[in-house]
Amino acid sequence: MLRACEELGIKIIFANSAKEKGRIDRSFVTFQDRLIPELRLQNISDIQTANGYLQVTEKP
3 MLRACEELGI KIIFANSAKE KGRIDRSFVT FQDRLIPELR LQNISDIQTA NGYLQVTEKP
């Protein structure tokens, strides 16, 4: 995973404390709780269409 991220130019930042890890986990849960229903509402079921939708749609 580290090599793949490096090749894509993605810098991995590790959480240093349990508090930070919890904050990250909550962010992912919130993201999934909102994103998946939105994609279903838009009848999007594949990754390519989802990526295109996310590029043109700005959600808070």
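For the numbering used here, count along the sequence shown from 1 and bump the result up by 2. Note that CB positions come from ideal geometry on N, CA and C, so glycine has one too.
Through-space distance from residue j to residue i, alpha-carbon basis
| i | j | result |
| --- | --- | --- |
| Thr32 | Arg25 | 11 Å |
| Lys21 | Ser29 | 13 Å |
Beta-carbon proximity check, residue i vs residue j, cutoff 8 Å
| i | j | result |
| --- | --- | --- |
| Ile49 | Tyr55 | no |
| Ala52 | Leu41 | yes |
| Ile15 | Leu4 | no |
Closest Cα partner of residue i within the set the options
| i | options | result |
| --- | --- | --- |
| Leu37 | Ile14, Thr59, Leu10, Ile12 | Thr59 |
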